[in-house]
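Residue numbering for the sequence shown follows my numbering, starting at 9 and increasing by one per position.
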Amino acid sequence: MRGYLEGTKFPLTEIAGKKIPQIILGTHPFDGTTYTSMERDQLFREMWKGPQSMVNVMKPIVQRFGLTASRGFPSDSKLSEWHQEALKMTMKALDIEIAIVLGSILPQRKRLDVSSYLYRLSVKMAGEAFQKTWRGDPINHYWFKKRNWTESEIETFMTESTALPLPPPQAIKNVEVDYERLETLLNRWNEFNVPIYASNEAWEFMVLAQRFDELQELVNLIKKRFGTFLLGTHYAGIIIPMVEAAGIKVDGYLTPVNTAGILMFPTPTLALKALRTTTKPIIAIKPLGGGRIHPNHAFTYLFQEIGVHAAMVGIGNMEEAEETLNAAKTVLTHQE
9 MRGYLEGTKF
19 PLTEIAGKKI
29 PQIILGTHPF
39 DGTTYTSMER
49 DQLFREMWKG
59 PQSMVNVMKP
69 IVQRFGLTAS
79 RGFPSDSKLS
89 EWHQEALKMT
99 MKALDIEIAI
109 VLGSILPQRK
119 RLDVSSYLYR
129 LSVKMAGEAF
139 QKTWRGDPIN
149 HYWFKKRNWT
159 ESEIETFMTE
169 STALPLPPPQ
179 AIKNVEVDYE
189 RLETLLNRWN
199 EFNVPIYASN
209 EAWEFMVLAQ
219 RFDELQELVN
229 LIKKRFGTFL
239 LGTHYAGIII
249 PMVEAAGIKV
259 DGYLTPVNTA
269 GILMFPTPTL
279 ALKALRTTTK
289 PIIAIKPLGG
299 GRIHPNHAFT
309 YLFQEIGVHA
319 AMVGIGNMEE
329 AEETLNAAKT
339 VLTHQE
């Protein structure tokens, strides 16, 4: 089987000594999530009828465009199981390795929602600018609808969150990490080559709780296994400065970066300030803003203006692949 470095047709970047293609296939919409509408989510959920239906999309993307890196994200859903199996089947069919940029939640023995406290810190940092950003964000609107929140419920959340005290709540400090569960999730990917581990935003609570010693122990645990650890966050303007100030030895960050400022909190300005201040690599997620930004514009911004190391893109069919990956190749080739 050809290795992913040999099989890729995209330029490579290096993160903590690990080489990875600059374009990475995301898990959306293989997980039934599009960030556009419930109706479009349902279309994909009905489209996926097993691993082979996903292979039918993945295989021509890998074969035609040489896209040999993919996000891997373990969960207990059937779609996640199919996605993992589809990656194996695609590699076997094409005799090409697909490198995995693995992520996971940070399992808790009793799950705690920290969204209210993040909102409170964001109001403290950016005031009305954050509230306007948060309230108007199109992906937030998607989540409001998915959760069936009414306008009244949204306003109540904003009001109650703003009234919270600023010190970290004791509940966050007391959350117990489920190390056994974390090990189980990671073990599901033992058969894959995982050059990069990049957490999802669920790890933010360790930063918010200021449990920096334990966070460093977790980072070291992951790095011992995979060699790298990137921290995922949707609140780059808050989380990255806290991590840097605490001296946590992460290898980079996985965070939304796009021209529209979608999901870049507490404000796009503060998020970009954090990205430009850190010297560590950035893998951009939501580069197309959930399908709201033209790929040429998106990739020019990411690679030529911001200088991210890599970008993760969601692709659900060949039409999207043609537009997105051709644009990425054009921009990256010009960059070289």
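The C-beta atom is built at its ideal place from N, Cα and C for all residues, glycine as well.
Shown here, Y43 sits in coil according to DSSP, grouped into three states, outside any helix or strand. Listed in chain order, the alpha helix (DSSP H) elements of length 4 or more contained wholly in the region 199-264 are 212-216, 220-234 and 244-254. L278 is positioned such that its CB atom lies closer than 7 angstroms to that of G245.
Ranked by Cα distance from E93, the first of E188, F52, M55 and F38 is F38.
Assignment of beta-bridge partners to L110 by DSSP yields G80 and Y205. A distance of 7 angstroms or more separates the beta carbons of V202 and T170. Distance from F52 to G40 at the Cβ level is roughly 5 angstroms; contact confirmed, criterion being Cβ atoms closer than 8 angstroms. Three or more Cβ pairs drawn from the region 287-301 and the region 41-48 lie within less than 8 angstroms of each other, which places the two stretches in contact. According to the DSSP assignment, V131 belongs to no beta strand (DSSP E) but to the alpha helix (DSSP H) extending over S123 to G144. For L194, the enclosing alpha helix (DSSP H) starts and ends at Y187 to N195. In this structure S207 is not in contact with L229, their Cβ atoms being roughly 12 angstroms apart against a cut-off of 8 angstroms. In this structure D259 is buried. Its beta-carbon is surrounded by 16 or more other beta-carbon atoms within 10 angstroms.
Contact holds between the region 15-34 and the region 66-74, because three or more Cβ pairs, one in each stretch, are under 8 angstroms apart.
Pairing L296 with I290 gives a Cβ-Cβ distance that is not under 7 angstroms. Of N325, A210 and L262, the smallest CA-CA separation from V109 is found for L262. A77 sits away from A101, with the two beta carbons spaced by 7 angstroms or more. The straight-line gap separating the alpha-carbon atoms of S88 and M214 is approximately 25 angstroms. Here the alpha carbon of F81 sits roughly 29 angstroms from the alpha carbon of T285.
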